[in-house]
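Visitor:
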Amino acid sequence: MTNRNPVPEKQRAFVFAGGGSLGAYEAGTYNAIYEFIKKRDEALGIREKPVFDIIAGTSIGAMNAAVLVSYVVENGTYEGSAQRLADFWEYLCADSVIESNPFFKYWWDYWRLITKDFATGEAARRFYSTKEFATYGVPNVFYPFMPSPDKKFLHPFNTWFQYSNEPLKRSLERFVRFPISTSYDDNQPRLILTAVDVAEGIPVTFDSYPKEDGHRKTGYGRYISDNGKDIGFEHVIRYDDGITSDHVMASGSLPINFDYTKIEVESYNYNRYSKKDNDGNKIRGSNDAANIGEIDSPYTKEIRHFWDGGLMTNTPLLQLVLLHRYFWYRVKGLKDNVPRLIIGIINLHPTTQPEIPNDYDGAVNRKSDISFSDRSRQEEAILILISDYVGLIRSLISLAKEGGIKEERINNLLDQPTRLRGLLYQPKKLKETIEGRFEIDQVIRIERRNDPHTISDKIFDFSRGTINGLLEDGYNDAKIELTELENRFREAGQDTIE
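Numbering of the sequence shown is given in the numbering used here, commencing with residue 121 and proceeding in unit increments.
Below, the structure written as structure tokens:
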């Protein structure tokens, strides 16, 4: 691919986490961050730099990310993108019957004055709104299927309650122009989404930028070599036209509530040598796949099942950084350093909560937050450590050369094969592990905090009152956090937030 644009010193990336209806908080947060960056860039005289170069997301975060990237590609600007995201959430929310009752909250708040065991009126409104939605659905998000009775153990409590997310897919397609295929050379943002292969139990990442061969595809699973020849990843998903609504829905197919998302995958065919000749050698192309014209291909097509990416990586920082490095190193051919990253992350599930819950709903709520809260701090530490080690090795190589070690000996060492295969890229030699060094300049985190009215089923609360409140909270929390960060940078005599 020809690079028509200069290599930037830094790039901005944004990570949307998963969290169902809490995604409205992300829309409010994005609005505040967009205003902050736009104002800062204008003050510095920066006019051509995009607000974000990379937008990554998981689950509802993947849908927010898709809405934004689609808007920017369609309009050629980030101007108006925050409003587009707010419109998306206005379309998703619904009026619950509880909200139309003017006495409901007052009644609960009255009894709350008598005994603190009672919920607040606002918590009760959210609780019973979700119960209503669980029974009747949300028109533009999901609707319930008939419950599936337990045919295995014949126990009534083991009934499977599932919902269709087809309304959500239609809503997404209303606000997003699919497929999404973007290019750095066309000054378009990169879209990165994560899902989980149910059978493999591993993350799967979709990328709107093409690979070095010009194709858009995702490889995952084991990296296969056959008789010393590199074949590729065990599973390959091809989407040359771009990311589709199925890929986005795969990222947001929450188990057990929603069905799997099914996607066609090319999988390595381990049985293609199913027959042997008289000398015991395996014969290529003797299986059923070969009989239908795939003799020369080690892959066969199959339908695989995918679940919500939040199961394994609700804030996909690792995937974002590795794909960033892959693009600049493999596609653009940068051997030295790739553009440094400034990354914003929204965490929808509070990491800490000082109050220990003493009721069932509170305990379930806390369990959910711990299960899906931001784990990217550990990933960030590991990534920084790797980058530091690469820098150290490069310095040691320079010292060795200055000390008279022959370059031939150093090159022989670096040409040794590596044992690492996979993880979004395949370094064959040790030298490839120290080329294309990445660096993370800043990670700015905005974390939603639990309020006194939180409930365990909060991710299903698409009531209008809750969605509007989340939009407002996200905006206000981000404004406060960005102001505090800016002040801390100035007090430390450092550059301000990038």
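Where is the CB? At the ideal position from N, CA and C, for every residue including glycine.
#1: Report the option in E522, R445, D360 whose CA atom is closest to the CA atom of P299.
#2: Taking the alpha helix (DSSP H) that K521 belongs to, which residues open and close that run?
#3: For R297, which residues of its own chain have a beta-carbon under 8 Å away from its beta-carbon, when the five flanking residues on both sides are left out?
#4: To the nearest angstrom, how far is it from the Cα of L605 to the Cα of S179?
#5: When you compare the CB positions of I579 and L461, do they come within less than 9 Å of one another, or not?
#6: Flag R557 as yes when its Cβ comes closer than 8 Å to any non-hydrogen atom of the ligand SAM, and as no otherwise.
#7: Could you have a look at F223 and say whether DSSP puts it in helix, strand or coil?
#8: According to DSSP, simplified to helix, strand and coil, what is N467?
#9: For M183, count neighbouring C-beta atoms within 10 Å of its own C-beta (all shown protein chains included) and say buried if the count is 16 or more, exposed if not.
#10: Taking contact to mean 3 or more Cβ pairs, one atom from each stretch, closer than 8 Å, check whether the stretch 474-485 and the stretch 363-377 are in contact.
#11: Can you tell me the Cα-Cα spacing of R404 and E552, whole angstroms?
#12: Extract the residue ranges of the beta strand (DSSP E) inside the stretch 333-391, only unbroken runs of 3 or more that lie entirely within it.
#13: Going by DSSP in three states, H573 sits in which element: helix, strand or coil?
#14: Would you mind reading off the limits of the alpha helix (DSSP H) that contains L605?
#15: Can you tell me the Cα-Cα spacing of M432 and V127, whole angstroms?
#16: Three or more C-beta pairs under 8 Å: does that hold for the stretch 260-275 against the stretch 203-217?
#17: Does the separation of the CB atoms of T302 and L311 fall below 9 Å?
#18: Buried or exposed for M266, please, with buried defined as at least 16 other CB atoms from any protein chain shown within 10 angstroms of its CB.
#19: R424 lies in the beta strand (DSSP E); which residues open and close that run?
#20: Going by C-alpha to C-alpha distance, which of I465, I525, G257, D489 sits closest to I668?
#21: Out of N532, L590, R445, L443, point me to the one whose CA is closest to A206's CA.
#22: In whole angstroms, what is the alpha-carbon distance linking N123 and K452?
#23: Quick one: is Q131 buried, meaning 16 or more other Cβ sit within 10 Å of its Cβ, or exposed?
#24: Can you tell me which of I504, R424, I351 puts its alpha carbon nearest to the alpha carbon of E320?
#25: Would H469 and S496 qualify as a contact pair, given that the criterion is a beta-carbon distance under 9 Å?
#26: For F447, collect the residues of the same chain with a Cβ closer than 7 Å to its Cβ; drop the 5 residues on either side in sequence, then sort them by chain order.
#27: Taking the continuous alpha helix (DSSP H) assigned at I530, which residues delimit it?
#28: Since I believe A152 is in contact with A598 (beta carbons under 8 Å), could you give me their beta-carbon distance rounded to a whole number of angstroms?
#29: Can you tell me which of the three DSSP states F278 falls into?
#30: In the DSSP assignment, the beta strand (DSSP E) including D317 goes from what residue to what residue?
#31: Where does I180 fall in DSSP's three states?
#32: CB S583 to CB R245, shorter than 9 Å?
Guide: In short:
#1: For the purposes of this step, residue 299 is taken as the residue at position 179 of the sequence shown. The option with the nearest alpha carbon to P299 is D360.
#2: Looking up residue 521 in the sequence shown gives position 401. Run containing K521: 496-522, per the alpha helix (DSSP H) assignment.
#3: Here residue 297 corresponds to residue number 177 of the sequence shown, with the count starting at 1. So the qualifying residues of the chain are S190, V193, E194.
#4: As a position in the sequence shown, residue 605 is number 485, starting the count at 1. As a position in the sequence shown, residue 179 is number 59, starting the count at 1. Spanning the two alpha carbons is a distance of roughly 28 Å.
#5: Taking the first residue of the sequence shown as 1, we reach residue 579 at position 459. Taking the first residue of the sequence shown as 1, we reach residue 461 at position 341. Cβ distance not < 9 Å, so I579 and L461 don't count as in contact.
#6: For the ligand SAM, the structure offers nothing, since it holds no ligand at all.
#7: Mapped onto the sequence shown, residue 223 falls at position 103. Looking at F223 - three-state DSSP - the assignment turns out to be coil, as it is neither helix nor strand.
#8: For the purposes of this step, residue 467 is taken as the residue at position 347 of the sequence shown. Annotated three-state conformation of N467 is strand, per DSSP.
#9: Taking the sequence shown and counting its residues from 1, one reaches residue 183 at position 63. Answer is buried; the Cβ neighbour count reaches 16.
#10: Short answer: they don't touch.
#11: Working through the sequence shown from its first residue, we reach residue 404 at position 284. Working through the sequence shown from its first residue, we reach residue 552 at position 432. Unreliable positioning characterises R404 in this predicted model, as indicated by a pLDDT of 48, which lies under 50. A coordinate reading is not provided.
#12: Taking only runs of at least 3 residues, the beta strand (DSSP E) segments lying wholly in the stretch 333-391 are 337-346, 349-358, 381-388.
#13: For the purposes of this step, residue 573 is taken as residue 453 along the sequence shown, with counting starting at 1. Three-state result, H573: coil.
#14: What you label residue 605 is simply residue 485 of the sequence shown in a count that begins at 1. Looking at the DSSP string, the run of the alpha helix (DSSP H) that includes L605 is 584-611.
#15: Counting from one through the sequence shown, the residue named residue 432 turns up at place 312. Counting from one through the sequence shown, the residue named residue 127 turns up at place 7. Answer to the nearest angstrom: the Cα atoms are 33 Å apart.
#16: Result yes; three or more Cβ-Cβ pairs closer than 8 Å.
#17: Position 182 of the sequence shown, counted from the start, is the residue given in the question as residue 302. Position 191 of the sequence shown, counted from the start, is the residue given in the question as residue 311. Yes.
#18: As a first step, residue 266 is located in the sequence shown; it is residue number 146 there, counting from the start. Looking at its Cβ environment, which holds fewer than 16 other Cβ atoms inside 10 Å, M266 is exposed.
#19: To locate residue 424, count along the sequence shown from 1; it is residue 304. In the DSSP assignment, R424 falls within the unbroken beta strand (DSSP E) covering 419-428.
#20: Summary: the structure shown does not reach residue 668, with the chain confined to residues 121 through 618, and so no result is reported for it.
#21: The residue labelled residue 206 in the question sits at position 86 within the sequence shown. Comparing alpha carbon positions, the residue from N532, L590, R445, L443 closest to A206 is L590.
#22: Along the sequence shown, one-based indexing puts residue 123 at 3. Along the sequence shown, one-based indexing puts residue 452 at 332. Only weak support is given to the placement of N123: the predicted model assigns it a pLDDT of 45, under 50, and the question is left unresolved by the model.
#23: The sequence position of residue 131 within the sequence shown is 11, counting from 1. Burial of Q131 is indicated by the presence of at least 16 other C-beta atoms within 10 angstroms of its C-beta.
#24: By one-based count along the sequence shown, residue 320 stands at place 200. Ranked by Cα distance from E320, the options I504, R424, I351 are led by R424.
#25: By one-based count along the sequence shown, residue 469 stands at place 349. By one-based count along the sequence shown, residue 496 stands at place 376. Not in contact: H469 and S496 (Cβ atoms no closer than 9 Å).
#26: The residue labelled residue 447 in the question sits at position 327 within the sequence shown. Cβ within range, chain order: Y329.
#27: Position 410 of the sequence shown, counted from the first residue, corresponds to residue 530. Where I530 is concerned, the enclosing alpha helix (DSSP H) stretches over 527-534.
#28: Residue mapping note: residue 598 aligns to position 478 of the sequence shown, counting from 1. Residue mapping note: residue 152 aligns to position 32 of the sequence shown, counting from 1. Here A598 really is in contact with A152; their C-beta atoms are around 4 Å apart, less than 8 Å.
#29: Taking the first residue of the sequence shown as 1, we reach residue 278 at position 158. This sequence places Asn at residue 278; Phe is not what is there. In this structure, N278 counts as helix in the three-state DSSP scheme.
#30: Taking the sequence shown and counting its residues from 1, one reaches residue 317 at position 197. 310-317 is the extent of the beta strand (DSSP E) around D317.
#31: For this step, residue 180 is matched to residue 60 along the sequence shown. I180: helix per DSSP, three-state reduction.
#32: Residue numbering aside, residue 583 sits at position 463 when the sequence shown is read from its first letter. Residue numbering aside, residue 245 sits at position 125 when the sequence shown is read from its first letter. Yes, the Cβ-Cβ distance between S583 and R245 is below 9 Å.
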